[in-house]
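What follows is a short report on a single structure.
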Amino acid sequence: MSASASERLSPLHAVHVAAGASFTDFAGWQMPVRYTSDLAEHHAVRTAAGIFDLSHMAEIAVRGTGAAAALDYALAGRLSALAIGQAKYSLLLTPDGGIVDDVVVYRLADDDFLVVANASNRGAAVQELTDRAVAFDARVVDESDATALIAVQGPGSRGILDRVTALDAGTPLAELRYYRVTSARFADRPVLIARTGYTGEDGFELYVPVDVAESLWTAIVQAGAGSGLVPAGLASRDTLRLEAGMPLYGSELGRDIFPAQAGLGRVVNLAKDTDFVGRHASENGPDAVARVLVGLASEGRRAGRAGYPVYASGDTEAVMEALEGAVDPAGIVTSGALSPTLGHPIAMAYVDPAVARPGTTVYIDVRGTRIPATVVPLPFYTRAS
Amino acid sequence: MTDYPDTLRYAAEHEWIAAEPPFRVGITRYAADALGDVVYIDPPAVGTTVTAGSAFGEIESTKSVSDLYAPATGVVTEINEAAVADPSIVNDDPYGSGWLYVLEVSEPAPTLSAEEYQALVDAKP
């Protein structure tokens, strides 16, 4: 990747530099990968709170009297059924039933929706939504450049946001339910506060005009100073979402993956009484031998990583070849790490249906060593409610 | 504290080696910071003959896996069991308690001074 491709900077970049962040290229953006320690940031989110800059993500407005109908056609879910102030996880499918992107949709008014897409898919999501809305009375506007996104995640997040006195929430945060959104004001500017996230903890995501992003970030950090709030980077975000069993586009999701393979069959609403892109292919579904996404848990400290093969047998290649010829892998790891919360290695992998049942033992080829792993239900981690 | 003590010699692959026996080997502050939190170390086993510049052993952080490169040719005589048991000491003290193994050097390889190594990492983007 050329240097110029990774020169997009968050409106919060100066804050991160001042906080001593290390940066990584993510979808062409220079984003904080960690501030001090991935593990400390991970544990802070599980036990107190973390604040994340997600300004690289794409915010796409869909507005107009036909916006709900347009989204029903463009996405796999029935977005017209959303109440005002409600959020929904959905999928933008290819005509062949694969996944262009996974998105969260917020209904802000009868005729006003916000679609939040992955940074890496911003162009594709804007293009597909625009193309698919053509026949409807709906306008698609990419508002990403004007919008910063700050996430506050962890059990302490509500108390911290309640102490940001300059943040005037429309609905008291204690009454804002999970997957709901409320409009708010900060420094006389409009802010959206959603009770959503990607960590497996309680938490909030705040969509804010870029010109007040820095002052809001600073106000939250100050409000959280006595509560264990730390700035957290993308490294901890990845281990948090992995423990929570949440797929990442590009790792678990892609254009060649059917939602049903990823355990997201329920997101595709085949009961919807209108047509949508990918419907026909989704009705036929993946074929019966298509690999499916599973959780793998193992012992020790060596984690399976993206791209490592998964085998049904622990015998070495040489033994198997002598017995019955070369043996193909039964799957491939898509994400993996030594789980900071659980203390043992975890991974997500696409495996053959024959070895996908929970309790099945498979073997991850960790750079030449076959490490036994047990198929387990996702998520690996669920917070105490 | 300097990031790169003058008392050590450095390899371009971001290992350090003691200037005199016993020749302890570890990873540099630069490598420790770039890896993030180290969660697993697999140093070459005692008795292994390693060749300068070749990969022997691995080090894993939450985010990545890296090979360990031998900074000289020789035989491994000891590994740091404390660091294997608690890899976080590699981040906390890469030149002290976070050493990885001891090498009985049979053939030294060209290494960098602290100043030369500093210049090498400064030249990185």
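Protein chains in written order, with numbering that gives the first Met the number 0: chain Z, 0 to 384; chain D, 0 to 124. Glycine residues also receive a C-beta, built at the ideal position from the N, C-alpha and C atoms.
When the Cα atoms are used, what is the spatial distance from residue i to residue j?
{"i": "residue 372 (chain Z)", "j": "residue 303 (chain Z)", "result": "9 Å"}
{"i": "residue 118 (chain D)", "j": "residue 267 (chain Z)", "result": "55 Å"}
{"i": "residue 227 (chain Z)", "j": "residue 47 (chain Z)", "result": "6 Å"}
{"i": "residue 380 (chain Z)", "j": "residue 299 (chain Z)", "result": "18 Å"}
{"i": "residue 148 (chain Z)", "j": "residue 63 (chain D)", "result": "27 Å"}
{"i": "residue 359 (chain Z)", "j": "residue 281 (chain Z)", "result": "28 Å"}
{"i": "residue 109 (chain D)", "j": "residue 100 (chain D)", "result": "19 Å"}
{"i": "residue 178 (chain Z)", "j": "residue 168 (chain Z)", "result": "16 Å"}
{"i": "residue 128 (chain Z)", "j": "residue 110 (chain Z)", "result": "15 Å"}
{"i": "residue 81 (chain Z)", "j": "residue 171 (chain Z)", "result": "21 Å"}
{"i": "residue 2 (chain Z)", "j": "residue 29 (chain Z)", "result": "Residue placement at residue 2 (chain Z) cannot be trusted, given a pLDDT of 44 that sits under 50; what the coordinates show is reported in the next sentence. Going from the Cα of residue 2 (chain Z) to the Cα of residue 29 (chain Z) covers about 11 Å."}
{"i": "residue 269 (chain Z)", "j": "residue 30 (chain D)", "result": "51 Å"}
{"i": "residue 121 (chain D)", "j": "residue 32 (chain D)", "result": "14 Å"}
{"i": "residue 97 (chain D)", "j": "residue 237 (chain Z)", "result": "26 Å"}
{"i": "residue 273 (chain Z)", "j": "residue 261 (chain Z)", "result": "24 Å"}
{"i": "residue 78 (chain D)", "j": "residue 69 (chain D)", "result": "13 Å"}
{"i": "residue 287 (chain Z)", "j": "residue 161 (chain Z)", "result": "50 Å"}
{"i": "residue 10 (chain Z)", "j": "residue 213 (chain Z)", "result": "7 Å"}
{"i": "residue 382 (chain Z)", "j": "residue 74 (chain D)", "result": "48 Å"}
{"i": "residue 183 (chain Z)", "j": "residue 108 (chain Z)", "result": "14 Å"}
{"i": "residue 65 (chain Z)", "j": "residue 301 (chain Z)", "result": "52 Å"}
Can you give me the Cβ contacts of residue i inside the same chain, cut-off strictly under 6 Å, excluding the 5 residues immediately before and after it?
{"i": "residue 355 (chain Z)", "result": "291, 293"}
{"i": "residue 163 (chain Z)", "result": "218, 219, 222"}
{"i": "residue 275 (chain Z)", "result": "72"}
{"i": "residue 34 (chain D)", "result": "60"}
{"i": "residue 369 (chain Z)", "result": "313, 362"}
{"i": "residue 63 (chain Z)", "result": "110, 136, 137, 138"}
{"i": "residue 0 (chain D)", "result": "Bear in mind that a pLDDT of 47 at residue 0 (chain D), under 50, signals an unreliable position, so the number given afterwards is only what the model happens to contain. The answer is none, since no qualifying residue turns up."}
{"i": "residue 364 (chain Z)", "result": "307, 308"}
{"i": "residue 3 (chain D)", "result": "113, 116, 117"}
{"i": "residue 51 (chain D)", "result": "69, 71, 72, 108"}
Apart from the five residues just before and just after residue i, which ones in its own chain have a Cβ nearer than 7 Å to its Cβ?
{"i": "residue 211 (chain Z)", "result": "185, 186, 188"}
{"i": "residue 6 (chain D)", "result": "18"}
{"i": "residue 86 (chain D)", "result": "37, 38, 39, 40"}
{"i": "residue 93 (chain Z)", "result": "99, 254, 277"}
{"i": "residue 8 (chain Z)", "result": "29"}
{"i": "residue 271 (chain Z)", "result": "71, 77"}
{"i": "residue 195 (chain Z)", "result": "86, 103, 178, 204"}
{"i": "residue 202 (chain Z)", "result": "150, 151, 152, 153, 156, 196"}
{"i": "residue 48 (chain D)", "result": "74"}
{"i": "residue 122 (chain Z)", "result": "none"}
Looking only at C-alpha atoms, which of the options sits nearest to residue i?
{"i": "residue 279 (chain Z)", "options": "Z:66, Z:34, Z:36, Z:96", "result": "Z:96"}
{"i": "residue 14 (chain D)", "options": "D:38, D:123, D:106, D:53", "result": "D:53"}
{"i": "residue 357 (chain Z)", "options": "Z:350, Z:58, Z:149, Z:375", "result": "Z:375"}
{"i": "residue 83 (chain D)", "options": "D:57, D:62, D:76", "result": "D:57"}
{"i": "residue 207 (chain Z)", "options": "Z:216, Z:119, Z:333", "result": "Z:216"}
{"i": "residue 106 (chain D)", "options": "D:55, D:11, D:71", "result": "D:71"}
{"i": "residue 20 (chain D)", "options": "D:76, D:96, D:43", "result": "D:76"}
{"i": "residue 50 (chain Z)", "options": "Z:34, Z:283, Z:135, Z:21", "result": "Z:34"}
{"i": "residue 37 (chain Z)", "options": "Z:337, Z:161, Z:74", "result": "Z:337"}
{"i": "residue 256 (chain Z)", "options": "Z:244, Z:284, Z:272", "result": "Z:284"}
{"i": "residue 377 (chain Z)", "options": "Z:78, Z:296, Z:209", "result": "Z:296"}
{"i": "residue 44 (chain D)", "options": "D:12, D:80, D:95", "result": "D:80"}
Can you check whether the CB of residue j is closer than 9 Å to the CB of residue i?
{"i": "residue 114 (chain Z)", "j": "residue 61 (chain Z)", "result": "yes"}
{"i": "residue 150 (chain Z)", "j": "residue 198 (chain Z)", "result": "yes"}
{"i": "residue 9 (chain D)", "j": "residue 115 (chain D)", "result": "yes"}
{"i": "residue 6 (chain Z)", "j": "residue 143 (chain Z)", "result": "no"}
{"i": "residue 308 (chain Z)", "j": "residue 328 (chain Z)", "result": "yes"}
{"i": "residue 31 (chain Z)", "j": "residue 239 (chain Z)", "result": "no"}
{"i": "residue 41 (chain Z)", "j": "residue 340 (chain Z)", "result": "yes"}
{"i": "residue 15 (chain Z)", "j": "residue 22 (chain Z)", "result": "yes"}
{"i": "residue 209 (chain Z)", "j": "residue 146 (chain Z)", "result": "yes"}
{"i": "residue 90 (chain Z)", "j": "residue 74 (chain Z)", "result": "yes"}
{"i": "residue 105 (chain Z)", "j": "residue 191 (chain Z)", "result": "yes"}
{"i": "residue 241 (chain Z)", "j": "residue 347 (chain Z)", "result": "yes"}
{"i": "residue 89 (chain D)", "j": "residue 26 (chain D)", "result": "yes"}
{"i": "residue 349 (chain Z)", "j": "residue 326 (chain Z)", "result": "no"}
{"i": "residue 112 (chain Z)", "j": "residue 67 (chain Z)", "result": "yes"}
{"i": "residue 230 (chain Z)", "j": "residue 13 (chain Z)", "result": "no"}
{"i": "residue 23 (chain D)", "j": "residue 93 (chain D)", "result": "no"}
Whose C-beta lies closer than 8 Å to the C-beta of residue i among residues of the same chain, with five residues either side of it excluded?
{"i": "residue 248 (chain Z)", "result": "98, 100, 101, 117, 119, 120"}
{"i": "residue 112 (chain D)", "result": "5, 8, 9"}
{"i": "residue 124 (chain Z)", "result": "57, 59, 91, 99, 100, 102, 114, 116, 117"}
{"i": "residue 39 (chain Z)", "result": "229"}
I'd like to confirm something about residue i: is its beta-carbon nearer than 8 Å to some heavy atom of the ligand NAD, or not?
{"i": "residue 115 (chain Z)", "result": "You won't find the ligand NAD in this model; it holds no ligand whatsoever."}
### Query
At which residue ranges does the region 29 to 104 of chain D contain complete beta strand (DSSP E) runs of 3 or more residues, listed in the order of the chain?
You should have 37 to 41, 54 to 60, 64 to 68, 72 to 78.
### Task
Within the region 94 to 133 of chain Z, note down every full beta strand (DSSP E) run reaching 3 residues or more, in order along the chain.
Here the runs fully enclosed are 98 to 108, 111 to 116.
#### Entry: 4-residue-minimum alpha helix (DSSP H) runs that sit fully inside the region 184 to 247 of chain Z, ordered along the chain
Listed in chain order, the alpha helix (DSSP H) runs fully inside the region 184 to 247 of chain Z are 212 to 222, 233 to 242, counting runs of at least 4 residues.
### Query
What are the start and end residues of each continuous beta strand (DSSP E) run of 3 or more residues lying completely inside the region 261 to 302 of chain Z, in chain order?
Those beta strand (DSSP E) runs which fall completely within the region 261 to 302 of chain Z and span 3+ residues are 291 to 297.
### Query
Which full runs of the alpha helix (DSSP H) of 4+ residues lie inside the region 2 to 56 of chain Z, going along the chain?
Listed in chain order, they are 12 to 17, 37 to 46.
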